[in-house]
Amino acid sequence: MLRGVYPGSFDPVTLGHLDIIRRSYNIVDELIVGVLNNNAKIPLFSVQERVKMLKEATKELPGIKIVPFEGLLIEFVRQMDAQLVIRGLRAITDFEYELQMSQTNHKLEPSVETIFLTTNVEYSYLSSSTVKEIAAFGGDTSQFVPEAVTLAFNQKKKESNKDE
Ligand code: ADP
Numbered sequence: 087m088l089r090g091v092y093p094g095s096f097d098p099v100t101l102g103h104l105d106i107i108r109r110s111y112n113i114v115d116e117l118i119v120g121v122l123n124n125n126a127k128i129p130l131f132s133v134q135e136r137v138k139m140l141k142e143a144t145k146e147l148p149g150i151k152i153v154p155f156e157g158l159l160i161e162f163v164r165q166m167d168a169q170l171v172i173r174g175l176r177a178i179t180d181f182e183y184e185l186q187m188s189q190t191n192h193k194l195e196p197s198v199e200t201i202f203l204t205t206n207v208e209y210s211y212l213s214s215s216t217v218k219e220i221a222a223f224g225g226d227t228s229q230f231v232p233e234a235v236t237l238a239f240n241q242k243k244k245e246s247n248k249d250e
């Protein structure tokens, strides 16, 4: 049985991520989406919020697991008893970092392979940071993110209006 981990920050999940999730779901027998809780970066959405939005956005995929993790990716992959790491490649700018990461992970755990899915051209320009920027300036994010994320952005806006 082939078990794969698709790791990321997903702050928040975009339609580009969802495309990679759906395609990798069709490749592996069991897909785990690993949501990184990185103490070095302050995310817009807490790890619990990110997990919740991902669960909502993937509810039509039976058996998919959305699991938060901290620390070394390869440790998480071992804990999940997975054989594969899946990453998405958007542009050449992603390549250098991804190459380094996959080679390091392979050195740390030779039994785990990393595979890359190239982004759907429709979403190649899309990133969580762009989406956050659009939302911060009051723009409409609904064509870039699943509905659960648009709702969460609206909720955040309401809360910050109340605070003012
Ligand atoms: P990280 O901070 O680990 O890069 P992200 O949440 O930004 O986490 O991205 C997780 C993975 O999804 C990465 O492999 C990234 O290249 C990929 N990805 C991000 N945006 C897109 C997109 N629009 N299309 C395809 N893959 C994407």
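The sequence shown begins at 87 in my numbering and counts up by one. In this text, a Cβ means the ideal position worked out from N, Cα and C, and glycines have one as well. Everything numeric in this text was worked out from a predicted model, so none of it was measured.
Note down the Cα distance separating residue i from residue j, rounded to an integer number of angstroms.
{"i": "Val-153", "j": "Gly-224", "result": "30 Å"}
{"i": "Phe-181", "j": "Phe-202", "result": "10 Å"}
{"i": "Val-217", "j": "Asp-97", "result": "9 Å"}
{"i": "Pro-196", "j": "Ile-160", "result": "10 Å"}
{"i": "Val-107", "j": "Lys-248", "result": "Residue identity differs from the one stated: residue 107 is Ile in this sequence, not Val. Straight-line Cα distance between these residues: approximately 35 Å."}
{"i": "Met-85", "j": "Glu-156", "result": "Given that the chain is displayed from residue 87 to residue 250, the structure contains no residue 85 and the question cannot be resolved."}
{"i": "Gln-169", "j": "Arg-109", "result": "17 Å"}
{"i": "Glu-142", "j": "Ile-128", "result": "23 Å"}
Measuring CA to CA, which of the options is closest to residue i?
{"i": "Asn-134", "options": "Ser-95, Ser-197, Lys-248", "result": "The sequence as given places Gln at residue 134; Asn does not occur at that position. Gln-134 has its Cα closest to that of Ser-95, out of Ser-95, Ser-197, Lys-248."}
{"i": "Pro-148", "options": "His-103, Tyr-111, Leu-212", "result": "Tyr-111"}
{"i": "Ile-150", "options": "Val-235, Thr-227, Asn-124, Leu-104", "result": "Leu-104"}
{"i": "Asp-167", "options": "Glu-116, Pro-129, Ile-128", "result": "Glu-116"}
{"i": "Lys-243", "options": "Lys-145, Phe-131, Ala-126, Arg-164", "result": "Phe-131"}
Would you mind giving the Cβ-Cβ distance between residue i and residue j, rounded to the nearest angstrom? I have them listed as a contact below 8 Å.
{"i": "Thr-200", "j": "Asn-191", "result": "6 Å"}
{"i": "Val-99", "j": "Val-231", "result": "7 Å"}
{"i": "Val-121", "j": "Leu-140", "result": "7 Å"}
{"i": "Val-171", "j": "Val-137", "result": "That belief does not hold up - the Cβ atoms of Val-171 and Val-137 are roughly 19 Å apart, past 8 Å."}
With a Cβ-Cβ cutoff of 8 Å, do residue i and residue j count as a contact?
{"i": "Arg-89", "j": "Val-119", "result": "no"}
{"i": "Ala-221", "j": "Thr-227", "result": "yes"}
{"i": "Ser-214", "j": "Arg-176", "result": "no"}
* Give, in chain order, every unbroken run of the alpha helix (DSSP H) that is at least 4 residues long and sits entirely within the segment 119-199. => 133-143, 159-165, 178-194
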